[in-house]
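Trainee: In this note's numbering, the protein residues as written are -17 to 119.
Note that beta-carbon positions come from the ideal geometry of N, C-alpha and C, so glycine has one too.
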Ligand SMILES: [Zn+2]
Ligand SMILES: [Zn+2]
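#1: Could you tell me the alpha carbon to alpha carbon distance between residue 101 and residue 87, rounded to whole angstroms?
#2: Please classify residue 102: does DSSP put it in a helix, a strand, or coil?
#3: Considering only residues of the same chain and omitting the five flanking positions on each side of residue 49, which have a CB-CB separation below 7 Å?
#4: Taking all protein chains shown into account, do 16 or more other C-beta atoms lie within 10 angstroms of the C-beta of residue 72, making it buried, or fewer, making it exposed?
#5: Closest to residue 16 by C-alpha separation, out of -1, 38 and 3, would be which residue?
#6: Where DSSP assigns a beta bridge to residue 71, which residues make up the other side?
#7: Nearest to residue 69 by CA position, among 59, 60 and 81, is which residue?
#8: Excluding the 5 residues preceding and the 5 following residue 18 in the sequence, name in chain order all residues of the same chain whose CB lies nearer than 8 Å to its CB.
#9: Which class does residue -9 belong to by DSSP, given the choice of helix, strand or coil?
#10: To the nearest angstrom, how far is it from the Cα of residue -4 to the Cα of residue 30?
#11: Please confirm whether any heavy atom of ligand 2 lies closer than 7 Å to the CB of residue 70.
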């Protein structure tokens, strides 16, 4: 019961066991992460650029660690990725709190409009009637 996949990192075929990349690359990524962690132990105020310079890692890789929330968990306020909407610095995920909130409101608005203005006139009398009856038995 083994599924063969192409590793997106190195391109080798590997047996899929729930990991995105092959075992070798999982180990490599762990090593990369350890490198970043070690560096940040000495320099907790470092920025992404300083990390990439010091570790020789790809900036994308470091940003990925940030987005996964792995570096934020270590409490590093200067290590930020960019919000995909407005470019504001963020410490995890893909959106800043402001854009995340906006997106959430938009989604709520869409689902909320179902019961919104349009149907209200039709539904209100019935609802009020029920409420009245409940208040005055
Ligand atoms: Zn690989
Ligand atoms: Zn934003």
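Mentor: This is what the structure holds:
#1: Within the chain shown, the letter at position 119 stands for residue 101. Within the chain shown, the letter at position 105 stands for residue 87. Because the pLDDT at residue 101 is just 47, under 50, the model does not fix this residue reliably, and the value given afterwards should be weighed accordingly. Those two C-alpha atoms are separated by around 20 Å.
#2: Locating residue 102 in the chain shown gives position 120, counting from the first residue. Bear in mind that the predicted position of residue 102 carries a pLDDT of just 48, short of 50, making it unreliable; the figure below should be weighed with that in mind. Residue 102: helix per DSSP, three-state reduction.
#3: As a first step, residue 49 must be located in the chain shown, where it is residue number 67. Cβ neighbours of residue 49 beyond the five flanking positions: 63, 74, 75 and 76.
#4: Residue numbering aside, residue 72 sits at position 90 when the chain shown is read from its first letter. With 16 or more other Cβ atoms within 10 Å, it is buried.
#5: Start at 1 with the first residue of the chain shown, and residue 16 comes out as number 34. Nearest C-alpha to residue 16: 38.
#6: Here the question's residue 71 lines up with position 89 in the chain shown. Answer by DSSP bridge pairing, in chain order: 64.
#7: Counting from 1 along the chain shown, the entry for residue 69 is found at position 87. Nearest option by C-alpha distance: 81.
#8: Looking up residue 18 in the chain shown gives position 36. The residues are 33, 37, 39, 44, 47 and 53.
#9: One-based indexing of the chain shown puts residue -9 at position 9. Coil, per DSSP.
#10: Here the question's residue -4 lines up with position 14 in the chain shown. Here the question's residue 30 lines up with position 48 in the chain shown. Using only the alpha carbons, I get a separation of about 31 Å.
#11: Against the chain shown, residue 70 aligns to sequence position 88. The answer is yes for residue 70.
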